[in-house]
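Notes follow the structure.
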Amino acid sequence: MEPKYIFVTGGVTSSLGKGIICSSLGLLLATRGLRVTIQKLDPYINVDPGTMNPYEHGEVYVTDDGAETDLDLGHYERFLGKPTSQDNNVTTGRIYYDVITKERQGVYLGQTVQVIPHITDEIKSRVKAIGESGRYDIVIVEIGGTVGDIEGLPYIEAMRQLRYDVGRNNTLSIHLTLVPYLKAAGELKTKPTQHSVKTIYELGMQPDILVCRAEVPLDYSIRRKIAQFCNVEIEDVVASLDARSIYEVPLLMREEGLDQRVIKKLQIPSAEPDLDNWIQFVQAVSNPEYRIRVALVGKYVDHQDAYMSIVESFRHAGAVNNCEVEIVWVSSDLLNEDNVEEKLEGVSGVLVAPGFGGRGIDGKLVAITHARVNKLPFLGICLGMQCAVIEFARNVCGWEDADSTEFNTDTAYPIVDLMLEQKNINDKGGTMRLGAYDCALEDNSHAGLAYGLRLISERHRHRYELNNRYLDELAAHGLRVTGRNPERDLVEIVEADDHPWFVGVQFHPELKSTVEKPHPLFVKFVEASKRHASESRQMEHLSAENQKKSCLK
Ligand code: GLN
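In the numbering used here, the protein residues as written are 1 to 553.
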């Protein structure tokens, strides 16, 4: 079968959840036995989001091959259970970078290099490269931004051309819009959708299917009106109502018949989707028996997209443990010795988040002392792990001045220091230790127990590492290295001995937790937190009425 391309655009407003719709459709098609991948085209000029502030961009999602990418790729992986790569994320910055590099090399042989055809050709070649790799039946292409944005124009033009290049029967255009409910009028309004479709029409694209975000159900007359004005069949007006969790969206889309319409229009022979496992997961997420509270300590707690994968990993691990993990967001900037008891009251576990720079470090250290001394299960990720070692060095080993050279270059105890190969790097973009590296596990450890393996591979994004010079003394005081990178002898995991569950990891486990395979460290961390909650009588038993209702009937 020739590869089919499904282009997904958005209109009216941003934040309609295009990434979740793409992931949901991807899942529905994959569970029909089709080989699906999703590619995100981002119209910004950064080469990748790696240099962007979490306030600007949210989490930077790192792939196995070390690409720093958009957080939607995290959704693609969590839903499809398949790794993505650099090829799955294209930005305007990267496109221009490559076109300008080729121009300097003389590749364009004297031509004037222009947006059309050179930029659009480069965009098309990125999309076709995935389609023609032979690895997929379907490539879903999510175009970032909103139709009508100046920076999005070359992408829409490239998609318009692609429809002819690869044959109309091999492509489909899905447009996501908003149908707002005006309370004062007591009505759903279709005009924004009409305008949005008109805008995309003016750019030469005809949407085949409209997915309409709405807060209340779309009745027949509204659907008919949208169909008539927007030139689609009524069956191609798909409602996307607010869901209790993103994981219910595939089931809602299935009810609305989105996958059937796609299959029919692309004329793909396929079986009915097998959603048994997914439904089981949604049931577990919607009807947990228990609830526990876990603190997430970080700098960006007022901007939770910065911790997207951590939040979702808790959801996956909660489902396995039959409990809802309520995240208590604790700002490391505001945490100190005087308020730590109060701020962490009632939590049964503490996670200290990844991050960069010195702001909020003192608060993180206070949270770690609290977790260590009170024997609260603790998971430190990347900077969170580095802070755990600093805390231990200062308060258990008694090295008062112990620090990371990231925040204090004059420390007498550089417990965490710049990696050797980082010392002469000045450029910030794409220069960290990025992507998948192996880690050998100690048998007799929480990590070894969680994974049940000797060798694992996890994703990284850091410049600093634990200083091997101090490892023996740290171990003598009760902080052991339980995971190491075998090639470079870098510390990957540390654990405190005299504690029920105290684990710090240099890598990012949250980037590999999926619905199909919840991450073992999160599963065990939640299990330990649940045990702590039960022992300290902090575990809430949810009554049947309290359990959340889901879209499952
Ligand atoms: N800032 C630390 C480093 O570069 C930790 C990075 C992180 O938490 N991702 O090593």
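The C-beta atom is built at its ideal place from N, Cα and C for all residues, glycine as well.
Check                                                                                                                                                                          : Outcome
First and last residue of the alpha helix (DSSP H) that includes Ala158?                                                                                                       : Leu153 to Asp165
Taking all protein chains shown into account, do 16 or more other C-beta atoms lie within 10 angstroms of the C-beta of Tyr220, making it buried, or fewer, making it exposed? : exposed
Can you tell me whether Pro49 is helix, strand or coil according to DSSP?                                                                                                      : helix
Under three-state DSSP, which class holds Glu458?                                                                                                                              : strand
Determine the closest residue to Gly615 out of Asn89, Glu391 and Pro207, with distance taken between C-alpha atoms.                                                            : In the structure as shown, the chain begins at 1 and stops at 553. Residue 615 is therefore absent and cannot be evaluated.
Go through its chain and collect everything with a Cβ distance to Ala129's Cβ below 8 Å, but skip five positions before and after it.                                          : Asp87
CA-CA distance, Asp498 and Lys343?                                                                                                                                             : 24 Å
Given this structure, state the Cα-to-Cα distance separating Gly398 from Ile368, to the nearest angstrom.                                                                      : 16 Å
Within a Cβ cutoff of 6 Å, which residues of the same chain sit near Thr120, ignoring the five residues on either side of it in sequence?                                      : Pro154, Glu157 and Ala158
Check the C-beta distance from Pro354 over to Ala528 and give it rounded, since I have them as a contact under 8 Å.                                                            : Rounded, the Cβ-Cβ distance is 20 Å, inconsistent with contact.
What separation, rounded to the nearest whole angstrom, lies between the Cα atoms of Ala371 and Glu345?                                                                        : 11 Å
Looking at Val282 and Glu248, is the spacing between their C-beta atoms short of 7 Å?                                                                                          : yes
Please state whether DSSP places Ala367 in a helix, a strand or coil.                                                                                                          : helix
Counting pairs of Cβ atoms below 8 Å between the stretch 161-178 and the stretch 57-70, do you hit three or more?                                                              : no
Give the single residue among Lys428, Leu335, His460 and Gln39 whose Cα lies nearest to the Cα of Asp65.                                                                       : His460
Could you pull out every unbroken alpha helix (DSSP H) segment of at least 4 residues lying fully inside the stretch 288-357, listed in chain order?                           : 308-320 and 340-343
Return the chain-ordered list of same chain residues with a C-beta closer than 7 Å to the C-beta of Lys265, the five sequence neighbours on each side being excluded.          : Leu172 and Asp208
Locate the beta strand (DSSP E) running through Ser445, then write down its first and last residues.                                                                           : First-last for Ser445: undefined, no H or E at that position.
Using a Cβ cut-off of 7 Å (strictly closer), state whether Gln506 contacts chain D.                                                                                            : In the structure shown, chain D does not exist; there is a single protein chain.
Find out if the Cβ-Cβ distance for the pair Gly429, Val141 is shorter than 7 Å.                                                                                                : no
According to DSSP, what are the bridge partners of Glu142?                                                                                                                     : Val8 and Lys40
Taking its Cβ as the centre, do 16 or more other Cβ atoms sit within 10 Å of Ser196, making it buried, or is it exposed?                                                       : buried
Please state whether DSSP places Asp121 in a helix, a strand or coil.                                                                                                          : helix
Spatial neighbours of Gly380 within its chain, please: C-beta separation below 6 Å, excluding the five flanking residues on both sides.                                        : Val352, Ala388 and Gly504
May I ask you to list the residues that DSSP assigns as paired with Leu474?                                                                                                    : Partner(s): none; Leu474 has no beta bridge.
So if DSSP puts Asn88 in a beta bridge, which residue, or which two residues, is it bridged to?                                                                                : None; Asn88 has no bridge partner.
In whole angstroms, give me the CA-to-CA distance for Glu77 and Leu16.                                                                                                         : 19 Å
Mind checking Asn321: buried by the 16 CB within 10 Å criterion, or exposed?                                                                                                   : buried
For a quick check, are the C-beta atoms of Ser332 and Gly357 less than 7 Å apart?                                                                                              : no
Which whole-angstrom value is the C-beta distance of Ile361 and Phe407, which I expect to be below 8 Å?                                                                        : 6 Å
Can you tell which of Leu109, Val373, Val211 and Thr405 has the C-alpha that lies nearest to the C-alpha of Val396?                                                            : Val373
Can you say whether Met1 is buried or exposed, counting buried as having 16 or more other CB atoms within 10 angstroms of its CB?                                              : exposed
Classify Gln114: buried if its beta carbon has 16 or more other beta carbons within 10 angstroms, exposed otherwise.                                                           : exposed
In whole angstroms, give me the CA-to-CA distance for Ala295 and Ala271.                                                                                                       : 44 Å
The alpha helix (DSSP H) with Tyr55 in it runs from where to where?                                                                                                            : Pro54 to His57
Would you kindly work out how many angstroms separate the C-alpha atoms of Ala450 and Val99, rounded to a whole number?                                                        : 46 Å
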